[in-house]
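Heads up, the thing below is written out as structure tokens.
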Amino acid sequence: MSIEKTEQLYEGKAKKVYATNDDRYYIVSYKDDATAFDGLKKGTITGKGAINNRVTNKMMELLEKEGIPTHFVKELNDRETVVRKVKIVPLEVIVRNIAAGSFSKRFGVPEGTPLRCPTLEFCLKDDDLHDPMVNHYHILACGWATEEDLKTITDYTFRINAFMKDFFLKLNIELVDFKLEFGKTPDGKIVLADEISPDTCRFWDATTHEKLDKDRFRRDLGHVEEAYQEILRRLFGE
Ligand code: UDP
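And the structure:
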């Protein structure tokens with residue numbers, strides 16, 4: 016049976032999610048829309064949707080091979096992918112290898128400072144509250160995740176970081192930081208969900224330190240489309 020979209024369930028800032036004719040699966044559709052600073056800055060990055068779809072799926076496939084369960088099922092076309100239906104854990108899981116962005120601002124650590132060990136932050140996924148940082152106790156106390164889920168998420172996250180850091184360095188890219196989201200399958204398993212793309216990772220060229228990610232859009236650095244293309248080129252050789 017071929018999997019087809021039925022009704023649209025949700026439209027986010029960068030993706031739409033559809034129900035399908037098979038209740039085990041959703042279809043995600045990546046958009047070219049870009050937002051930053053809690054949606055205050057809006058724009059379009061031509062070709063972004065198709066690039067993020069391909070980059071995400073490639074990373075999901077590689078991570079599955081590394082033993083990380085993911086929601087990825089099948090790429091349908093340039094912007095659409097079939098994923099397993101999961102309930103998203105309402106946390107943004109942020110990993111950092113090098114200080115940048117909000118970490119630099121909050122802690123006064125200059126951007127580009129290598130961190131002595133990777134760090135992990137949890138933020139509550141809630142736009143109205145501006146995704147506040149939350150700790151382990153907050154998460155358990157409010158029931159956003161269980162102790163066991165947090166352990167699994169933390170274990171997967173550090174394994175994903177170790178793999179990705181190494182993988183991108185071989186493409187002469189420094190993995191500065193990134194954001195992950197996890198979901199729970201109907202049978203209660205934690206799987207990696209959402210996307211892994213230049214929208215959700217900071218990628219710096221390892222030689223020139225040029226930014227190859229969404230910071231080019233956030234900070235009006237120009238050559239935004241070219242940066243996304245460059246990530247695609249390094250990953251797929253195109
Ligand atoms: N990030 C994301 N979505 C968010 C917040 C952060 O994908 O809602 C990613 C961001 O692209 C970066 C990392 O998480 O790779 C760390 O972001 P940071 O906390 O420094 O926030 P920012 O400076 O982007 O506001």
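If you count by the working numbering, then the sequence shown holds residues 16 to 253, one letter each, in order. C-beta atoms are modelled at their ideal positions from N, C-alpha and C, and glycine is treated no differently.
Best match in the options for proximity to residue i [C-alpha to C-alpha]
i: E107; options: H145, S44 and L186; result: H145
i: V149; options: S212, N68 and I109; result: I109
i: T172; options: L155, H153, V206 and K199; result: V206
i: N72; options: A49, I154, F118 and N92; result: N92
i: P125; options: C132, A115 and T134; result: A115
i: G203; options: K194, G64 and V104; result: V104
i: D181; options: L195, F232, A221 and A160; result: A221
i: M74; options: D209, S119 and D141; result: D209
i: E90; options: E26, K166 and S44; result: S44
i: I83; options: L195, C216, T21 and K20; result: L195
Residue i in three-state terms, based on DSSP
i: V124; result: coil
i: D214; result: coil
i: D220; result: strand
i: K57; result: strand
i: V104; result: coil
i: M16; result: coil
i: D142; result: helix
i: I193; result: As written in the sequence, residue 193 is Phe, which differs from the Ile given in the question. F193: strand per DSSP, three-state reduction.
i: E26; result: strand
i: R174; result: helix
i: D48; result: strand
i: G161; result: Correcting the residue identity first, residue 161 is Thr in this sequence and not Gly. It is coil, neither helix nor strand.
i: E236; result: In the sequence under discussion, the amino acid at residue 236 is Leu, which differs from the Glu named in the question. Residue state, collapsed to three classes: coil.
i: T200; result: coil
i: A115; result: coil
Burial state of residue i, where buried means 16 or more other Cβ atoms lie within 10 Å
i: T96; result: buried
i: F137; result: buried
i: I42; result: buried
i: A177; result: exposed
i: G123; result: exposed
i: K30; result: buried
i: G158; result: exposed
i: I168; result: buried
i: G64; result: buried
i: E81; result: exposed
i: D38; result: exposed
C-alpha distance - residue i paired with residue j, whole-angstrom precision
i: L250; j: W219; result: 14 Å
i: V101; j: Q23; result: 16 Å
i: E253; j: K46; result: 21 Å
i: G127; j: N112; result: 10 Å
i: D192; j: T59; result: 23 Å
i: D214; j: G62; result: 13 Å
i: I211; j: R121; result: 24 Å
i: I18; j: T223; result: 44 Å
i: D53; j: F87; result: 27 Å
i: P147; j: H153; result: 11 Å
i: R174; j: G237; result: 33 Å
i: L184; j: L78; result: 16 Å
i: E241; j: D235; result: 13 Å
i: K56; j: R233; result: 8 Å
i: K229; j: D170; result: 27 Å
i: Y40; j: G198; result: 13 Å
i: A160; j: H151; result: 9 Å
i: E225; j: L247; result: 16 Å
i: R69; j: A156; result: 38 Å
Extent of the continuous beta strand (DSSP E) to which residue i belongs
i: N72; result: Element bounds for N72: not the beta strand (DSSP E) but the alpha helix (DSSP H), K63 to K80.
i: N187; result: Taken as a continuous stretch (DSSP letters only), N187 belongs to no beta strand (DSSP E), as it is neither H nor E.
i: I42; result: Y40 to Y45
i: K89; result: F87 to E90
i: L227; result: Looking at the DSSP string, L227 is not in any beta strand (DSSP E), and its letter there is neither H nor E.
i: R99; result: E95 to R99
Where the alpha helix (DSSP H) containing residue i begins and where it ends
i: L247; result: V239 to F251
i: I83; result: Looking at the DSSP string, I83 is not in any alpha helix (DSSP H), and its letter there is neither H nor E.
Minimum Cβ-Cβ distance from residue i to chain B less than 8 Å
i: T161; result: No chain B appears in the structure shown, which is made up of a single protein chain.
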